[in-house]
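Asks:
Numbering (the UniProt record's numbering), first residue to last: 1 to 345.
1) Over what stretch of residues does the alpha helix (DSSP H) that includes residue 255 continue unbroken?
2) At 3 residues or longer, and completely inside the region 283-335: list those beta strand (DSSP E) runs for me, N to C.
3) Does the structure place the region 62-75 close enough to the region 28-44 that three or more beta carbon pairs sit under 8 Å?
4) Assign residue 235 to one of two classes, buried (16 or more other C-beta atoms within 10 Å of its C-beta) or exposed (fewer than that).
5) Among 74, 134, 161, 117, which one has its Cα closest to the Cα of residue 87?
6) Given residue 60, which residues of its chain have a CB within under 6 Å of its CB, disregarding the five upstream and five downstream residues?
7) Buried or exposed: which applies to residue 347, given that a residue is buried once 16 or more other Cβ atoms fall within 10 Å of its Cβ?
8) Exposed or buried, what is residue 114 when buried is set at 16 or more other beta-carbons lying within 10 Å of its beta-carbon?
9) Alpha carbon to alpha carbon, how far is residue 324 from residue 91?
10) Is it a yes or a no for the region 291-301 touching the region 192-212, going by three-plus beta-carbon pairs under 8 Å?
11) In whole angstroms, what separates the C-alpha of residue 62 from that of residue 277?
12) For residue 111, count neighbouring C-beta atoms within 10 Å of its own C-beta (all shown protein chains included) and say buried if the count is 16 or more, exposed if not.
13) Indicate whether residue 9 and residue 25 have their beta-carbon atoms separated by less than 8 Å.
14) For residue 265, which of 229, 170, 306 has the nearest alpha-carbon?
Below, the structure written as structure tokens:
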């Protein structure tokens, strides 16, 4: 941490909303200055047309203006679906040799020419049972995507300091609620995707992305019960997947999608146990907007058999309760943005 006061914005580009969090850090202590969200333009970041990029720039400008931020320094995150992330095992070598070894490893796993990506890595487990090997978190982001994010932020009058992946940011924000003596399973459930990570000692040991999110649940309810998508979204917000609401009809309609998500969680737990038989996952933390769905925490806990909770990303951050105390369950959707603002620069 820096010895002086520093203020940073964390900006999370979601498929439905762009969320911002502004934090001030002073000698290791963080204070929440502002937060806000704005609807993501329909074509989001996936259009290459200049007119759509300008719409995104204008949207960011509006959000920053509404938040009344006091800094231009910003950290942002790239969606897991657009980034190549993999945990690999390599022979234990020196730092100098590791850089060269990873270039070769990256060529095997990354489906783009290395000159077209920004390659980064972190040693995540030097204390493996096998003393001859080490685990590395390998992350490769397309340069075109990085350039696009940077261009949008700079055009909005901001000063981009860093980019990372969404799950890394969420893990940083929620580290205060994670187990200190055992790995924790983190699920960041968004509208269109769910990112899963195993976090141990604040380091990501495993990560994967699923094409399952809130939209699939809403669509399932719409198809099963004949509701419009808007109606289905209102029902799931109000009643969630609680079995005793509306004669269990919403639960029954959503169950197939939620169960498919739970099945993938079980596979992740089994895979991790095979790779790390000396470490047992004992808890699960939910984040993302879908996490606040009524009944979801109880249902996942009962099916997976882990202590499960919704992560509060601002729990350990100083804040004015008169301003931010009314956020309630909505705060869980700010996990990525908060984690970005917490990142040391």
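Beta carbons: idealized from backbone N, C-alpha and C, even for Gly.
Replies: Answer, in terms of the structure:
1) To locate residue 255, count along the chain shown from 1; it is residue 255. Per DSSP, residue 255 belongs to the alpha helix (DSSP H) from 249-275.
2) 283-287, 307-310
3) yes
4) As a position in the chain shown, residue 235 is number 235, starting the count at 1. When all chains shown are included, residue 235 counts as buried.
5) Against the chain shown, residue 87 aligns to sequence position 87. The candidate whose alpha carbon is nearest that of residue 87 is 134.
6) Here the question's residue 60 lines up with position 60 in the chain shown. Cβ neighbours of residue 60 beyond the five flanking positions: 156.
7) There is no way to answer for residue 347, as the model of the chain reaches only from 1 to 345.
8) Counted from its first residue, the chain shown places residue 114 at position 114. Under this definition residue 114 is an exposed residue.
9) For the purposes of this step, residue 324 is identified with residue 324 of the chain shown, where counting begins at 1. For the purposes of this step, residue 91 is identified with residue 91 of the chain shown, where counting begins at 1. Whole-angstrom Cα-Cα distance: 48 Å.
10) no
11) As a working mapping, residue 62 is identified with position 62 in the chain shown. As a working mapping, residue 277 is identified with position 277 in the chain shown. The straight-line gap from Cα to Cα measures roughly 50 Å.
12) The count along the chain shown starts at 1 and reaches residue 111 at position 111. By the neighbour-count rule (16 or more Cβ atoms within 10 Å), residue 111 is not buried but exposed.
13) To locate residue 9, count along the chain shown from 1; it is residue 9. To locate residue 25, count along the chain shown from 1; it is residue 25. For residue 9 and residue 25, no; Cβs fall outside 8 Å.
14) Residue mapping note: residue 265 aligns to position 265 of the chain shown, counting from 1. Nearest of 229, 170, 306 to residue 265, Cα basis: 306.
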